[in-house]
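Student: Numbering (our numbering), first residue to last: 4 to 70.
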Amino acid sequence: MLSFAQLKALIEQGRTDEIPNNKTIPNVLSVRRITFLPCHATHSWHVLQSAPPSESTVVPPKKPWER
Numbered sequence: 004m005l006s007f008a009q010l011k012a013l014i015e016q017g018r019t020d021e022i023p024n025n026k027t028i029p030n031v032l033s034v035r036r037i038t039f040l041p042c043h044a045t046h047s048w049h050v051l052q053s054a055p056p057s058e059s060t061v062v063p064p065k066k067p068w069e070r
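(1) Determine the extent of the alpha helix (DSSP H) in which Lys11 is found, giving its start and end residues.
(2) Leaving aside the five residues before and after Thr19 along the sequence, list all residues of the same chain whose C-beta is less than 7 Å from its C-beta, in chain order.
(3) Taking the CB atoms as reference points, tell me whether Leu10 and Ile28 lie closer together than 8 Å.
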């Protein structure tokens, strides 16, 4: 467990890869299959097989004046 001062120092030094349980969240809207692969060299996680966003099939509810 890191103290706040240790955590602050790691962030300031740009060594965020050394922070325990600090995962990189992928910048994708939709993922077909998520495969988290730990990278022991950088202590980060990688995601494979992203997919384009799906189209919504939900019909929006009617507004009160449309009923």
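Glycine included, C-beta positions come from ideal geometry on N, C-alpha and C.
What you are looking at is a predicted structure, and each value in this text was computed from that prediction instead of being measured.
Tutor: Once the coordinates are examined:
(1) Phe7 to Glu15
(2) Leu13 and Asn25
(3) no
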